[in-house]
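Engineer:
Protein chains: 2
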Amino acid sequence: MQELDHGTPQEIDSIEREVLAVFVDGVRVLGLPPSIGEIYGLLFISQTPLSLDDLVQRLKISKGSASQGLRTLKSLGAVRETDGNGNGERRTYYEPAVELKRLVGGFIREQIRPHIDSGRHKIKRLGDLASAETDPDRRKFLLERTDRLDHWIRNGGRVLPIIQRILGQ
Amino acid sequence: MQELDHGTPQEIDSIEREVLAVFVDGVRVLGLPPSIGEIYGLLFISQTPLSLDDLVQRLKISKGSASQGLRTLKSLGAVRETDGNGNGERRTYYEPAVELKRLVGGFIREQIRPHIDSGRHKIKRLGDLASAETDPDRRKFLLERTDRLDHWIRNGGRVLPIIQRILGQ
DNA sequence: GCATTTGTTCAAATTTTATTGAACAAACCA
DNA sequence: TGGTTTGTTCAATAAAATTTGAACAAATGC
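Taken in sequence, the protein lines are chains A and B.
This note's numbering applies: residue 1 is where the first sequence begins, and numbers increase by one.
This note's numbering applies: residue 1001 is where the second sequence begins, and numbers increase by one.
1. Drop a sphere of 10 angstroms on the beta-carbon of Pro-96/A, count the other beta-carbons inside from all chains shown, and report buried for 16 or more, exposed for fewer.
2. Output needed for Leu-1160/B: all residues of its chain with C-beta closer than 6 Å, excluding positions within five of it in sequence on either side, in chain order.
3. Specify the secondary structure class of Ile-15/A as computed by DSSP and reduced to three states.
4. What is the C-beta distance between Ile-1036/B and Val-1027/B, in whole angstroms, given that I count them as a contact (C-beta under 8 Å)?
5. Answer yes or no: does any C-beta atom of chain A fall closer than 8 Å to that of Val-1027/B?
6. Considering only the beta carbon of each residue, do Val-79/A and Ile-1123/B sit closer than 8 Å?
7. Output, in sequence order along the chain, the residues in the segment 7 to 18 of chain A whose CB is closer than 9 Å to any CB in chain B.
8. Would you list the one or two residues that DSSP bridges to Leu-1050/B?
9. Would you identify the three-state DSSP class for Thr-1134/B, choosing helix, strand or coil?
10. For the segment 1069 to 1098 of chain B, which residues have a beta carbon sitting closer than 7 Å to at least one beta carbon of chain A?
11. If you drop the 5 nearest sequence neighbours on each side, which residues of the same chain put their C-beta closer than 6 Å to that of Val-1056/B?
12. Mind pulling the chain A residues with CB within less than 7 Å of Arg-1148/B?
13. Can you list, in chain order, the residues of its chain with a C-beta nearer than 6 Å to that of Gly-86/A? Leave out the 5 residues immediately preceding and following it.
14. Under the DSSP definition of a beta bridge, which residues are partnered with Thr-82/A?
15. Does any residue of chain A have a CB that is nearer than 8 Å to the CB of Ile-1039/B?
16. Hey, is the segment 1138 to 1157 of chain B in contact with the segment 1112 to 1127 of chain B, meaning 3+ C-beta pairs nearer than 8 Å?
17. What is the rounded straight-line gap between the Cα of Arg-1158/B and the Cα of Ile-1116/B?
18. Is the beta carbon of Ile-39/A sitting closer than 8 Å to the one on Leu-73/A?
19. At the level of alpha carbons, what is the spacing between Leu-167/A and Gly-156/A?
20. Do you know whose CA, among Leu-1032/B, Arg-1058/B, Glu-1099/B and Arg-1017/B, lies nearest Thr-1008/B's CA?
21. Quick one, which residues of the segment 1046 to 1064 of chain B are near chain A if we go by CB-CB under 9 Å, in chain order?
22. For Val-24/A and chain B, any beta-carbon pair shorter than 8 Å?
23. Could you name the residues of the same chain whose beta carbon sits closer than 7 Å to that of Glu-1018/B, not counting the 5 residues immediately before and after it, in chain order?
24. Measuring only the C-alpha atoms, how far is Ala-130/A from Asp-13/A?
25. First and last residue of the alpha helix (DSSP H) that includes Pro-1009/B?
26. Which residue wins for smallest C-alpha separation from Tyr-94/A, given the options Ser-118/A, Pro-33/A and Asp-53/A?
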């Protein structure tokens, strides 16, 4: 079989470096670790799909980091494995999902929805605790506040599909 | 002057504990430290405004934490100082802002907008770097990607006022 | 079977972030 | 003025999150 280039990896050039910085900042806002921003960023600015080993070599990160980062990105639907790849190639290659709709959808599904849902449960419980308060004055206040929390979380839930719709072009 | 109770602080009761947990979780999603969730949470579930010292004693946190937490919350518009307080009282008391509109507005203004704005600048710079690429094929690709980034951030900016409007009832 | 390549897992090390606490400043009063 | 209370700042510490790297597993080909 044709011997492929496994030599010294190409250095990160200046535009790539700036793209990585943008994505590292971006994912930090979303509460994700820098390595994830670097991985997605390099895939985003790469003209061809990259293997785990490409990421390790070019970003100078550990295999562990690359593997875990790719897993998270896959779960978010932000990265997909390229299939086929033609020749009998064992290694899997990754490419970024670049549709904002898809990225936002994945983030909401994986990172926001679960919090909304567990919050809803906790707030429901709070309502029960508030109802059980014996002092009428305190109970009235607690019910007012837990009701307010309930409205917050409901509004939060309502706004998500709207965001998705707007960002889907 | 009338001697006020500066004795042993009241312990956090069970409903308060659960409210604190809800807010600690809540602010974590927003990328804020737990102490901020505790401070806001205790104010939220308190029937009267609390002083910095009340927070220190009831939450068992340091004065430094309470002071910095309150500063952040004030900057977000999530907490306000109660004025007057009648009697010649030197200490300032705090109460929570409980209107979702206000909270969301403050968060967007302080934590989201700055990132959107700085992102816009960095992406503009990326566009310049891409234009300077000499290889035509690579340049075409880079311009396509930086243009996409530009669309993302524009959409992000557009969606914020809509979120605010929806959450303002 | 064995050797090789590719990728995962997870405890340990590192890095980053949050919290503390002591020194300091500011406001007030006697 | 000196003493007291209230609140801030920031270097040191503690806690939490991220990254590493080595052991392991799975897949392939000889």
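We treat Cβ as the ideally placed atom computed from N, Cα and C, and that holds for glycine.
Structural biologist: Taking the coordinates as given:
1. Start at 1 with the first residue of the first sequence, and residue 96/A comes out as number 96. By the neighbour-count rule (16 or more Cβ atoms within 10 Å), Pro-96/A is buried.
2. Here residue 1160/B refers to the residue found at position 160 of the second sequence. Here the set comprises Ile-1108.
3. For this step, residue 15/A is matched to residue 15 along the first sequence. Three-state DSSP puts Ile-15/A in a helix.
4. Here residue 1036/B corresponds to residue number 36 of the second sequence, with the count starting at 1. Here residue 1027/B corresponds to residue number 27 of the second sequence, with the count starting at 1. Contact flag correct, Cβ pair sits at about 5 Å.
5. The sequence position of residue 1027/B within the second sequence is 27, counting from 1. With 8 Å as the cut-off, Val-1027/B does not count as an interface residue toward chain A.
6. Along the first sequence, read from residue 1 onward, the residue named residue 79/A stands at position 79. Along the second sequence, read from residue 1 onward, the residue named residue 1123/B stands at position 123. The answer is no: Cβ separation not under 8 Å.
7. Shown in chain order are the members of the segment 7 to 18 of chain A whose Cβ falls below 9 Å from a Cβ of chain B: Ser-14, Ile-15 and Glu-18.
8. Taking the first residue of the second sequence as 1, we reach residue 1050/B at position 50. In the DSSP output, where bridge partners are listed per residue, Leu-1050/B has Tyr-1094/B.
9. Locating residue 1134/B in the second sequence gives position 134, counting from the first residue. Here Thr-1134/B sits in coil by DSSP.
10. Under the 7 Å Cβ criterion, the segment 1069 to 1098 of chain B contributes Val-1098.
11. Counting from one through the second sequence, the residue named residue 1056/B turns up at place 56. Excluding positions up to five away in sequence, the list reads Lys-1063 and Ala-1066.
12. Locating residue 1148/B in the second sequence gives position 148, where the first residue counts as 1. In chain order: Val-98.
13. If you number the first sequence from 1, residue 86/A lands on position 86. Reliability fails at Gly-86/A, whose pLDDT of 49 lies under 50, so the model's placement of it is uncertain and no value is given.
14. For the purposes of this step, residue 82/A is identified with residue 82 of the first sequence, where counting begins at 1. DSSP lists Tyr-93/A as partners of Thr-82/A.
15. By 1-based counting over the second sequence, the position of residue 1039/B is 39. Not flagged as an interface residue toward chain A: Ile-1039/B, since no C-beta distance is shorter than 8 Å.
16. Verdict: yes, contact present.
17. Walking along the second sequence from the start, residue 1158/B turns up at place 158. Walking along the second sequence from the start, residue 1116/B turns up at place 116. Arg-1158/B and Ile-1116/B have their alpha carbons spaced roughly 11 Å apart.
18. Numbered from its first residue, the first sequence carries residue 39/A at position 39. Numbered from its first residue, the first sequence carries residue 73/A at position 73. Closer than 8 Å, so yes.
19. Along the first sequence, read from residue 1 onward, the residue named residue 167/A stands at position 167. Along the first sequence, read from residue 1 onward, the residue named residue 156/A stands at position 156. Separation of Leu-167/A and Gly-156/A (C-alpha to C-alpha, rounded to the nearest whole angstrom) is 17 Å.
20. Residue numbering aside, residue 1008/B sits at position 8 when the second sequence is read from its first letter. Of the candidates Leu-1032/B, Arg-1058/B, Glu-1099/B and Arg-1017/B, the residue whose Cα lies closest to the Cα of Thr-1008/B is Arg-1058/B.
21. Listed by position along the chain: Gln-1047.
22. Looking up residue 24/A in the first sequence gives position 24. Not a single CB atom of chain B sits nearer than 8 Å to the CB of Val-24/A.
23. Residue mapping note: residue 1018/B aligns to position 18 of the second sequence, counting from 1. Nothing listed; no residue qualifies.
24. As a position in the first sequence, residue 130/A is number 130, starting the count at 1. As a position in the first sequence, residue 13/A is number 13, starting the count at 1. Those two C-alpha atoms are separated by around 59 Å.
25. By one-based count along the second sequence, residue 1009/B stands at place 9. For Pro-1009/B, there is no enclosing alpha helix (DSSP H), as DSSP gives it neither H nor E.
26. Mapped onto the first sequence, residue 94/A falls at position 94. Ranked by Cα distance from Tyr-94/A, the options Ser-118/A, Pro-33/A and Asp-53/A are led by Asp-53/A.
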